[in-house]
Amino acid sequence: WTATASGGTGTYAYTWGGSLPLSGKTGATPSVAYTSAGNKTGSVTVTSGGATVTSACSNSVDVYAPALKISPSSVGVSDLDKFRVDETRQLAVDYYPYGLAIATGKQDKTTSASWSSFNSSGSTTNSNRIASVNDTNQKGLVTGLKAGNADIYANYTDGYNNTISTSVSNSTTAAVTVSQPETFSVSIKTYPNSPGAILINQDITFKAIGGIGGYQWSGGGTPAADASGLNSEFTTKYTTSGSKTITAISGTQTQTDTFTVVQPTLSIDSLTAVPAAGKTALNVSLAADTTSNIESTSNYTFWWNCDDSRTSVSLVKIACGDPNNSDFGAKFDGISEKNKSISHIYSTSGNYNAKVIVERGDASPKERRVSISSGKVDIKASASDGPITVDAGTSVGLSWTSENVTSCTASGTDPNWSGSKSIGPSSQNTGALSTPGTYKYTLTCVGANGLSISDYVNITVGNGLSIDSFNVISRGSGNYSMGAVISSNISGVTNNYTFYCNKPTSDSETTVTNDYDHKRDGISEMSYDTPPLACSYPGPGTYTRKVIVERGGSAKAAHSDIVISPDPISVFIKIHPNSPSSILTNQDVTFGATGGIGGYKWSGGGTPPGDQSGLNSEFKTKYSTSGFNKEISVVSGAQTGTYTFTVAQPNLTIDLFKAVPATGKAPLDVSLAANADSNIMNGTYNYTFWWHCASDSTDVSAVRGICGDPTNNNFGAKFDGVSEKNKSVSHIYSTSGNYTPKVIVERGDLARTTQTSITIPPDNVAPTVSPLAPTAPANYCASPLGWVLRWNFADAGGDSQYSYRVVVNDAATGAVVSDSNEVISSSNSYAIPLGVLSFNKTYNWAVRVWESDPERLSAVEIGPSFTTMAHAAPALQFTLSPARPSRDEQVTLTDTTVVSGGATKTAWNWDFTGVDGVTLLSATNGSQVVVKFSTSGSKNVKLRVTDSDGFNCQKGANDDANDSLPNITVGRSIPLFREVLPR
């Protein structure tokens with residue numbers, strides 16, 4: 001601390017006060033070392049002679065206690081940093097000269113500090129320590145000795161002899177928690193066939209946990225061991241099956257895992273055919289069930305008939321046909337289920353061997369076969385499948401055939417039909433059937449594979465029944481009534497009537513089926529008419545109605561025809577590639593036809609021109625030429641239908657190609673936009689841009705050779721397969737110049753091109769301005785001081801005029817008489833406001849212009865001076881006497897014009913041109929003129945006056961907006977009066 005004194009005797013005694021140990025010190029500059037932290041103050045008392053002065057020091061001293069901080073402050077407090085026995089952790093310690101709150105001057109003292117370890121219980125002996133800390137060659141390295149809690153201390157003495165230890169700050173202590181290693185174990189982590197068996201030649205990954213890490217593996221297949229990687233996982237595979245053992249070593253611990261490796265297996269447990277035998281066409285369900293230890297999918301390959309025992313799909317395919325063809329079989333790949341079924345109809349009689357091959361993973365494929373038999377038996381009565389009805393006493397011929405059977409047996413309700421029968425074809429008569437009733441004739445045949453097939457026919461014998469008439473009556477709107485009249489010698493029973501709207505004449509069955517349209521049972525009447533029936537028919541043609549009448553044990557059927565006329569033919573376009581737009585040349589168009597009676601014959605097509613043989617309701621053709629009123633015709637029976645349409649040439653246009661902006665300074669970011677249109681509805685557009693290309697070719701390949709590859713951004717850009725009719729692209733033109741951007745648009749077989757232009761002027765230069773001669777007033781009588789100043793603007797950089805300023809001053813005094821200030825306008829002229837200029841004065845003027853470029857460079861020039869006229873022009877006036885003249889009355893017009901600048905009036909001219917009914921009574925070149933008017937109305941008399949300085953002006957009396965001359969209006973004549981004596 002320092003004290004300075006003055007005055008007094010010149011000899012001074014100093015006594016100090018303040019924070020210890022300064023208090024009590026003497027001398028002008030005492031030095032102290034503080035042993036505690038905090039803010040330190042000082043004061044001094046100075047004695048000289050008999051005078052004493054005490055003064056407090058103007059500043060104070062902040063003293064800080066240095067500190068140490070160990071990092072990390074704790075080890076093993078979380079699962080992420082668990083500190084285990086036999087493991088090490090490196091600690092560090094930092095020295096903070098001004099305490100932990102101030103990082104300034106922080107230093108790493110890990111290698112300078114002294115380190116020690118204590119258990120939480122305070123034990124320091126090695127036999128009881130939880131952890132030890134290195135205090136020699138690798139200071140701060142902590143080693144876990146056994147499970148428990150320990151404290152690690154760091155002590156350091158700095159250059160000021162401050163010793164920082166646990167007594168100073170808890171930050172010099174690190175808490176260590178040491179845990180036992182996890183239980184060491186080895187297990188299978190993953191393998192491809194999980195959760196199934198471990199298979200040979202498949203990768204299996206083992207995982208070790210616990211121990212102290214650094215695992216050494218052995219006992220694998222390929223590779224056999226891993227002694228260098230020390231990884232917690234090890235992947236290997238085994239080429240042989242059997243019991244296997246894997247071993248992992250971590251430190252002094254060893255763990256093993258025993259498991260089994262097996263061969264992949266696959267078996268077909270069964271292949272069933274349900275049913276395995278039956279009547280042709282036989283619908284058989286084939287079902288294959290498998291067993292496998294492979295966790296994968298299976299491929300099932302079926303053949304309908306294949307007696308090949310091989311298991312190779314490709315080889316069996318050659319022998320028994322392609323299973324992907326449904327005529328030969330069916331194939332299903334990637335099936336996760338271990339069973340698969342498929343149905344097939346065996347449409348012809350015979351004995352078959354259905355086969356399946358199953359493939360799964362690396363197992364050998366397996367095959368299995370099953371036998372199937374199908375046959376056919378057909379018995380008829382009077383060549384009919386029956387049932388048939390005959391009158392009593394009739395003999396009926398039975399006939400039968402069979403396929404793929406070995407023997408047949410007859411049975412039924414007719415005792416004459418029994419016993420063994422030939423497999424046919426064969427026939428037999430029933431003999432006379434005299435007893436009414438229904439007789440069933442059954443033929444049962446057997447064949448291979450347990451095949452047993454039966455067929456039967458029923459014959460009903462009646463006592464006599466006939467349908468005398470069957471009529472159909474139209475009721476309108478597609479409704480019909482049917483009626484039947486019958487006769488019979490069967491008594492004591494009722495009648496059942498069943499009606500059908502559409503049954504073929506060949507359908508002579510008398511057994512009622514459920515597809516009838518009307519039925520009435522149990523009535524005694526021998527005739528019956530149906531209510532109106534809504535009979536529906538699929539198209540024009542002849543249709544047959546049917547009635548079945550049942551009475552007693554007899555049944556009869558009758559038929560009646562109805563003719564449905566065809567609908568009118570309609571021809572239309574069904575589909576064309578360019579729909580919904582025009583039909584284009586050389587594109588397929590399909591026409592359709594409805595109505596008529598079918599069997600359509602087409603004509604009028606392009607290529608082909610017609611279809612006279614296919615008789616189809618659709619016809620496809622194409623046209624090579626365009627045109628209006630193309631016509632297609634179709635004939636069906638006696639009807640003809642036509643359709644008229646237009647075929648157009650495909651077209652493509654580029655409606656717009658523009659550059660925005662088309663001019664500006666470099667670098668100029670330009671958006672090029674192309675809008676196209678086409679009547680081709682299908683397909684996409686190809687847009688090819690070049691930044692600068694003067695070629696007018698539409699061939700992209702040819703232009704690429706001239707103007708560069710458009711897929712290179714240096715030359716252009718290309719966009720193919722664009723669905724939109726417009727496309728834009730941006731490009732930065734970095735240098736000045738004139739450019740011709742180009743685009744080629746392609747669609748279908750067409751291509752179009754167009755170009756635009758871009759102008760980029762050179763770097764900005766200042767504009768120039770050229771003042772022109774001032775323009776004097778066009779009419780000094782109306783506006784004697786209406787001067788206009790003009791100039792020409794030019795800019796080598798292509799900029800336009802952005803604004804201007806014009807200043808006009810008096811040439812004699814230099815005083816500014818007019819200042820337009822800056823006017824934002826491209827105008828090249830300035831009209832001096834009225835009231836600014838004076839007569840007989842010379843004026844100077846200057847103009848400054850600014851360019852449109854953002855730099856706003858300007859130019860200024862002085863224009864030619866100008867002088868206004870010497871004085872005002874004559875101000876025309878005249879008087880009229882009388883003020884309101886009448887027709888044929890003498891009128892005097894007297895000039896009262898005022899002239900300026902000391903001039904005198906030297907000439908007059910009174911102009912009566914076009915004035916109706918005027919008679920001059922004096923000369924017209926004097927200051928006064930006498931006239932009279934023979935007609936009434938408004939008279940526009942003009943007066944011109946010239947002064948001695950040569951200025952002359954003219955005005956008309958009745959000119960519009962003329963307030964300086966009298967308005968001359970002539971009234972009617974004044975009546976004449978004469979005096980008469982009264983009577």
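With UniProt numbering, the residue at position 884 of the sequence shown is 884, and numbering never jumps.
Each residue gets a CB set at the ideal place from its N, CA and C atoms; glycine is no exception.
Bear in mind that the values here come from a model prediction, so they are computed numbers and not experimental data.
If I follow the unbroken alpha helix (DSSP H) through residue i, where does it start and stop?
i       : result
Ala-702 : 700–707
Ala-557 : It is not in any alpha helix (DSSP H) - Ala-557 instead sits in the beta strand (DSSP E) that spans 554–564.
Leu-315 : 313–320
Taking just the CA atoms, how far does residue j sit from residue i?
i       : j       : result
Ala-766 : Tyr-802 : 12 Å
Gly-321 : Phe-328 : 6 Å
Ser-384 : Thr-272 : 37 Å
Thr-4   : Pro-66  : 33 Å
Ile-246 : Gly-213 : 17 Å
Asp-108 : Asn-155 : 13 Å
Val-980 : Asn-909 : 47 Å
Tyr-346 : Thr-297 : 29 Å
Asn-137 : Ala-225 : 37 Å
Leu-22  : Cys-57  : 12 Å
Ile-152 : Phe-184 : 29 Å
Lys-658 : Ser-820 : 40 Å
Thr-254 : Phe-206 : 15 Å
Ala-872 : Gly-926 : 22 Å
Arg-983 : Val-931 : 42 Å
Pro-531 : Ser-636 : 36 Å
Ser-270 : Lys-366 : 11 Å
Ala-875 : Ser-881 : 20 Å
Ser-2   : Ser-171 : The sequence shown places Thr at residue 2, not Ser. When rounded, the distance between both Cα atoms is 38 Å.
Lys-601 : Phe-619 : 9 Å
Leu-837 : Pro-864 : 16 Å
Phe-302 : Ala-354 : 7 Å
Gln-263 : Thr-252 : 36 Å
Lys-340 : Ile-423 : 38 Å
Asp-669 : Ala-717 : 15 Å
Ala-557 : Ser-508 : 6 Å
Please name the residue in the options whose C-alpha comes closest to that of residue i.
i       : options                            : result
Val-634 : Ser-626, Phe-657, Phe-591          : Phe-591
Leu-533 : Lys-189, Ser-481, Tyr-300, Thr-190 : Ser-481
Gly-786 : Ala-432, Ser-829, Leu-921          : Ser-829
Arg-848 : Ser-48, Ala-859, Lys-338, Lys-841  : Ala-859
Tyr-497 : Thr-775, Asn-712, Ala-794, Gly-552 : Gly-552
Leu-465 : Tyr-516, Thr-406, Ala-392, Ala-276 : Ala-392
Gly-902 : Gln-928, Gly-937, Asp-947, Ile-744 : Asp-947
Arg-369 : Ser-309, Pro-415, Ile-760          : Ser-309
If you measure from the CB of residue i, is any heavy atom of the ligand SAM nearer than 7 Å?
i      : result
Ala-67 : Of ligands this structure carries none, so the ligand SAM is not represented either.
What residue does the beta strand (DSSP E) around residue i start on, and which one ends it?
i       : result
Lys-546 : 541–551
Cys-953 : 952–956
Gly-133 : Rather than Gly, the amino acid found at residue 133 in this sequence is Val. Unbroken beta strand (DSSP E) run through Val-133: 131–133.
Asp-289 : 282–292
Ile-379 : 366–381
Asp-669 : 668–678
Leu-656 : 652–660
Gln-639 : 639–648
Quick one: does residue i have its CB under 8 Å from some CB of chain C?
i       : result
Gly-664 : Structure shown: chain C not included; a single protein chain is present.
Q) With contact counted as at least three CB pairs below 8 Å, one residue from each stretch, are the segment 693–713 and the segment 657–671 in contact? A) In this structure the segment 693–713 does not touch the segment 657–671; the number of beta carbon pairs closer than 8 Å is below three.
**Q.** Contained beta strand (DSSP E) runs [length at least 3] in the segment 790–833, N- to C-terminal order
**A.** At a cut-off of 3 residues, the continuous stretches assigned as beta strand (DSSP E) that sit fully inside the segment 790–833 are 801–810, 816–819, 829–831.
Q. For the segment 50–121, which segments carrying the beta strand (DSSP E) assignment without a break, of at least 3 residues, lie completely within its bounds, in sequence order?
A. Fully enclosed beta strand (DSSP E) runs of 3 or longer: 51–56, 61–63, 67–71, 88–90, 92–96, 114–119.
(Q) With three or more C-beta pairs closer than 8 Å as the rule, is the segment 614–628 touching the segment 551–570? (A) By the Cβ criterion, the segment 551–570 is not in contact with the segment 614–628, since fewer than three pairs of Cβ atoms, one from each stretch, lie closer than 8 Å.
Q: May I have a chain-ordered list of the beta strand (DSSP E) segments no shorter than 3 residues that lie completely inside the segment 155–195?
A: Residue ranges of uninterrupted beta strand (DSSP E) with 3 or more members, entirely inside the segment 155–195 and ordered along the chain, are 173–179, 185–190.
Q. Are there three or more Cβ pairs, one per stretch, closer than 8 Å when the segment 773–785 is compared with the segment 803–823?
A. Result no; under three Cβ-Cβ pairs closer than 8 Å.
Q: Go through the segment 878–905 residue by residue and report every complete run of the alpha helix (DSSP H) that reaches 4 residues or more, in order.
A: Taking only runs of at least 4 residues, no alpha helix (DSSP H) segment lies wholly in the segment 878–905.
Q) Do three or more CB pairs link the segment 723–739 to the segment 671–686 at distances below 8 Å? A) Contact between the segment 723–739 and the segment 671–686 is present, because at least three Cβ pairs lie under 8 Å.
Q. So, do the segment 580–599 and the segment 638–649 have three or more beta carbon pairs nearer to each other than 8 Å?
A. Touching, yes, given that three or more Cβ pairs across the two stretches are closer than 8 Å.
Q.
Pairs of beta-carbons, one from the segment 372–380 and one from the segment 398–416, closer than 8 Å: are there three or more?
A. The segment 372–380, when compared against the segment 398–416, does touch it at the 8 Å Cβ threshold.
Q: Would you mind listing the beta strand (DSSP E) stretches within the segment 592–645 that are 3+ residues and don't spill past its ends, in chain order?
A: Runs found: 601–603, 618–621, 627–636.
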